[in-house]
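Below is one structure, written out as structure tokens; comments come after it.
Number of protein chains: 2
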Amino acid sequence: MAFNPVELIIKKRSGKELTKDELQYFVTSYIKNEIPDYQMSALLMAIFYQKMKIKEIQTLTKVYIDSGKIIKFPKAYHTVDKHSTGGVGDKISIMLAPIVSACGGTIPMISGRGLGHTGGTLDKLESIPGFRTNFSDKEFTKIIEKVGFSIISQSDELVPADRSIYALRDVTGTVESLPLITASIMSKKIAEGAQNLVIDLKIGSGAFIKDIPTGKELAEMLIKTGKKFGQRVSVLYSNMNSPLGFNIGNALEIKECVEYLQGKEIEDIDILTKALAREMLLISKVTKTKEEAAEKIEKAISSGKALDCLRSFIKVQKGDPAICDDTSLLPQAKFKIPVVADRSGWVQSINSQKIGYALIEIGAGRKTLDSKLDYASGAQLYKKVGDKIDKGEELGYIFCNKKNDGNNIISKILDSYVVEDKITKKESLILGSLT
Amino acid sequence: MAFNPVELIIKKRSGKELTKDELQYFVTSYIKNEIPDYQMSALLMAIFYQKMKIKEIQTLTKVYIDSGKIIKFPKAYHTVDKHSTGGVGDKISIMLAPIVSACGGTIPMISGRGLGHTGGTLDKLESIPGFRTNFSDKEFTKIIEKVGFSIISQSDELVPADRSIYALRDVTGTVESLPLITASIMSKKIAEGAQNLVIDLKIGSGAFIKDIPTGKELAEMLIKTGKKFGQRVSVLYSNMNSPLGFNIGNALEIKECVEYLQGKEIEDIDILTKALAREMLLISKVTKTKEEAAEKIEKAISSGKALDCLRSFIKVQKGDPAICDDTSLLPQAKFKIPVVADRSGWVQSINSQKIGYALIEIGAGRKTLDSKLDYASGAQLYKKVGDKIDKGEELGYIFCNKKNDGNNIISKILDSYVVEDKITKKESLILGSLT
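Note that the protein sequences, when read in sequence, are chains F and G. Heads up, the first sequence is in this note's numbering, so the first residue is 1 and it goes up one at a time. Heads up, the second sequence is in this note's numbering, so the first residue is 1001 and it goes up one at a time.
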């Protein structure tokens, strides 16, 4: 069916709902280059303001999915995936997938690269020498059958509509739209074959979602959209006011993941990883109760089974599994520059975004999609909100290969900490959930 | 100064004001193809929703003007122009300019072509054999010095920013934005050298502006923007519920203009033309009082001086002035098909837009910018809101060169009239004014 694109833009602009045929027409014509970027961006901005009813969101998700291939796993697999709305130092997937797999879960994970202040799971994994993320659907399925999980990049054939439209949203100020976010996340997570999905929805000053009510609005869209396609979705709200763990930067984060699975205590990572793992085991019916799930998870880590799973996964995806025993095999930075506190007090808040952007300058993240990463660069930062700082104390280190660049960002890192004389409470990491 | 276009889009999207430097950067980069269409259309849609403060509108107007050449006339000329926000059968300029000129006014009029359901003054004039509208600035000034007025097309050098952005607005559903409309109208009317400006702001179901409060909002933007550039602006609100005059179609409208200047009584044209002419004479200080203006206007028409002015103007712009004495020299349609009333009653309302679109199908208007016009085609329609109709009565005629096409639109023309059994009041043509 043919429509007049301008009439459809004006219809949405006026706050009316677009029908299935209209959305189908607009998106598929756009993909075929029959509707130009400037009309799509006008529609996206109209959607930003007028929002979408749940039925429209479900339809848009369907149109996205139908634009490409769909991967399917047998029902008996009870596949389960996790999606995070993104945070600085968020390396959770790299521990979570081996743990859940060690507990009997099956995880088909199609992940992304980093852009802006947050890193991407694929970039982190690619800091492992030899590691590959570009596998065909068939290879993806085979790896999952062999290891229990796989983390690969999105092929050109999976939800191409979302890829094109996401790239356009990124450059037209239309990223922050709950309906568009929902269709983007859900289309990929449904097309990749996940029958169950746990979402780590970050809330806080550093996250796109600033408060619980907005988080709940998004959570409901995600859950209802999943349901429409037979996917069970559970949402965990987590605090995003501090970077996760101590290490930020690609190879440094892999190191931290290995150390955690080796038994090292890292409080925030421990809480969040286990909470998400429990939810994944429950929702995919691998375990029946929270207690059973918690027990299995503890055993998977303490027995070394989760680390074994990470080892097998790295091996089958052509990386060097020896990094699981000797993290010095990961890329190492030439310089380690101490970050020294310039005043005493308690950490009131941390601007994670500012830290993320500072680290881009030493190559830990990308400015544009073409930027080259320096896998070894990054930072170790020990202080969290509520911690006490003494003037002259080492808050952590900057790791870099160009000393000048490293020195240049010290003040930016220090400025990211709001330090005052009054004692502050530590923050809760898990803020709630919705199923 | 360089900015990040996405940040500027998000700034406007969030309801903040853009600074002079920011607007300047966005528009000039767009004109230089350094900012793509899709970012401009996202910004335009954000402006549609967030509107603009008067200072922003004035800045945008300035940025538009600065994108091209400016025409200037000596202060002593007291140049005055009229702009209409567009209506079906709106041929007023073609009578108004000769009348005001005959009264001593100086009118530098840069006009547009028709697109959609409303016709363009240039198209109407070009139906006169030989008539030209493409003159250089110098020729434009010379014609005005000689005849007192000129009506030409916008050169590539006059406000190029508006031309590009208007074309984009047309295809992205962002035409109906009062701030963007203001900057578009005012930049052209200031750059063409009009020191005074009267605006015929159409209000009604068939117009873009549906009610007086919205009209007043636009009028205030226009007046305040003019003031900023030393241009006096006066706004007349006029009713746009019926087509203007009896004739619609390019050559048919020229014929009607000539007939009016020859002394024929056409009520609505008479009221509107004289009201606008009075306002133009007053605002440009050619006359001191309304009464003096009214007297001059009556004389200009009854003495034949206004028709003489039209004759000189047509001649100097290379058209055949003999059409002022013999309108059969204008293009004539092969067929004249009666439109016969299919029921009795009183005309409650007329859908002018529907009539405009129907006449496009016989070549009286353009579907796209490339469409060829059939100058001879159009319609004569005698009935106005409040008139009585008897079943079987001829409401008017369709003029066309393809009989089938003409027959096909009869029902559409008839459907444009809402006819009911109850008596309705005639409508006032002038609804108010703001200076």
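Cβ atoms here follow ideal geometry from the backbone N, Cα and C, with glycine treated the same way.
Chain G residues whose Cβ lies nearer than 9 Å to that of residue i
{"i": "V159/F", "result": "Within chain G, no residue comes near V159/F; the closest Cβ sits about 20 Å away, beyond 9 Å."}
{"i": "Y77/F", "result": "The contacting residues do not exist; Y77/F stays about 41 Å from chain G at best."}
Reference residue i, options the options, closest by Cα
{"i": "I436/F", "options": "Y49/F, M40/F, I423/F, Q58/F", "result": "An answer regarding residue 436/F cannot be provided, because it is not within the stretch 1 to 435 covered by chain F."}
{"i": "A322/F", "options": "D308/F, A333/F, G105/F, E393/F", "result": "D308/F"}
{"i": "S1242/G", "options": "I1269/G, V1080/G, P1338/G", "result": "I1269/G"}
{"i": "V1159/G", "options": "S1177/G, K1142/G, K1189/G", "result": "K1189/G"}
{"i": "T1424/G", "options": "T1327/G, N1401/G, I1389/G", "result": "I1389/G"}
{"i": "G263/F", "options": "L218/F, S84/F, D325/F, D421/F", "result": "D325/F"}
{"i": "G105/F", "options": "R278/F, L168/F, I271/F", "result": "R278/F"}
{"i": "I70/F", "options": "A194/F, Q39/F, M45/F", "result": "A194/F"}
{"i": "G1249/G", "options": "R1366/G, S1303/G, S1150/G", "result": "R1366/G"}
{"i": "R13/F", "options": "T28/F, K32/F, L43/F, Q24/F", "result": "L43/F"}
{"i": "F1313/G", "options": "K1142/G, L1201/G, T1287/G", "result": "K1142/G"}
{"i": "A300/F", "options": "M52/F, E17/F, C103/F", "result": "C103/F"}
{"i": "T273/F", "options": "I31/F, A294/F, I47/F, G386/F", "result": "A294/F"}
{"i": "I151/F", "options": "L168/F, K124/F, C400/F, I409/F", "result": "K124/F"}
{"i": "S1155/G", "options": "E1126/G, A1191/G, V1147/G", "result": "A1191/G"}
Amino acids of chain G, ordered along the chain, whose beta-carbon sits closer than 7 Å to that of residue i
{"i": "I9/F", "result": "T1172, G1173"}
Identity of the residues DSSP links to residue i by a beta bridge
{"i": "P1338/G", "result": "Y1397/G"}
{"i": "L381/F", "result": "G396/F"}
{"i": "G432/F", "result": "Y237/F"}
{"i": "F1480/G", "result": "Because chain G in this structure spans residues 1001 to 1435, residue 1480/G falls outside the shown range and cannot be described."}
{"i": "G345/F", "result": "I389/F"}
{"i": "H1083/G", "result": "I1199/G"}
{"i": "Y1166/G", "result": "DSSP output for Y1166/G lists no bridge partner at all."}
{"i": "I1248/G", "result": "A1379/G"}
{"i": "Y417/F", "result": "I350/F"}
{"i": "R1232/G", "result": "N1196/G"}
{"i": "I1057/G", "result": "The partner list for I1057/G (beta bridge, DSSP) is empty, contrary to what the question assumes."}
{"i": "I301/F", "result": "Per DSSP, none; premise fails for I301/F."}
{"i": "I436/F", "result": "With chain F running from 1 to 435 in the structure shown, residue 436/F is simply not present."}
{"i": "I209/F", "result": "I203/F"}
Burial state of residue i (16 or more Cβ within 10 Å)
{"i": "E56/F", "result": "buried"}
{"i": "P213/F", "result": "exposed"}
{"i": "T368/F", "result": "exposed"}
{"i": "T182/F", "result": "buried"}
{"i": "K1422/G", "result": "exposed"}
{"i": "G1378/G", "result": "buried"}
{"i": "D370/F", "result": "exposed"}
{"i": "T289/F", "result": "exposed"}
{"i": "E1256/G", "result": "buried"}
{"i": "S328/F", "result": "exposed"}
{"i": "G230/F", "result": "exposed"}
{"i": "S344/F", "result": "exposed"}
{"i": "Y1382/G", "result": "exposed"}
{"i": "P1436/G", "result": "Outside the modelled stretch of chain G, which goes from 1001 to 1435, sits residue 1436/G, for which no answer is possible."}
{"i": "N1351/G", "result": "buried"}
{"i": "N1004/G", "result": "exposed"}
{"i": "P98/F", "result": "buried"}
{"i": "T1287/G", "result": "buried"}
{"i": "D211/F", "result": "exposed"}
{"i": "D1340/G", "result": "The sequence shown places Val at residue 1340/G, not Asp. It is exposed - the Cβ of V1340/G has fewer than 16 other Cβ atoms within 10 Å."}
{"i": "T435/F", "result": "exposed"}
Contact test: residue i Cβ vs the ligand SAH heavy atom, cutoff 7 Å
{"i": "I70/F", "result": "Inclusion of the ligand SAH in the displayed structure is not the case, the ligand content being empty and no account of it being possible."}
Cross-chain neighbours of residue i in chain F, by beta carbon under 8 Å
{"i": "A1207/G", "result": "Residues of chain F passing the Cβ test: none, with the nearest at roughly 16 Å."}
{"i": "V1233/G", "result": "By Cβ distance, chain F contributes nothing, its closest Cβ being about 29 Å from V1233/G, past 8 Å."}
Beta-carbon neighbours of residue i, restricted to chain G and to distances below 8 Å
{"i": "A42/F", "result": "S1041, A1042, L1044, M1045, T1172, G1173, T1174"}
{"i": "V340/F", "result": "Here the premise fails: no neighbours, minimum Cβ distance about 33 Å."}
Under 9 Å by beta carbon: chain F residues contacting residue i
{"i": "V970/G", "result": "There is no way to answer for residue 970/G, as the model of chain G reaches only from 1001 to 1435."}
{"i": "V1088/G", "result": "Within chain F, no residue comes near V1088/G; the closest Cβ sits about 20 Å away, beyond 9 Å."}
Neighbour list for residue i in chain F, Cβ cutoff strictly below 7 Å
{"i": "V954/G", "result": "Outside the displayed span of chain G (1001 to 1435) sits residue 954/G, for which this structure offers no information."}
Q: Closer than 8 Å, Cβ to Cβ, to anything on chain G: give me those residues from the region 10-39 of chain F, in chain order.
A: Result list: I10, R13, P36, D37, Y38, Q39.
Q: Anything in the region 1136-1169 of chain G with a Cβ closer than 9 Å to a Cβ of chain F? List those residues in chain order, please.
A: If the cut-off is 9 Å between Cβ atoms, the region 1136-1169 of chain G has L1168 near chain F.
Q.
Tell me which residues of the region 48-66 of chain F have at least one Cβ-Cβ distance to chain G shorter than 8 Å, keeping chain order.
A. Flagged, chain order: F48, Y49.
Q) Quick one, which residues of the region 1197-1222 of chain G are near chain F if we go by CB-CB under 8 Å, in chain order? A) Considering only beta carbons, no part of the region 1197-1222 of chain G lies closer than 8 Å to chain F.
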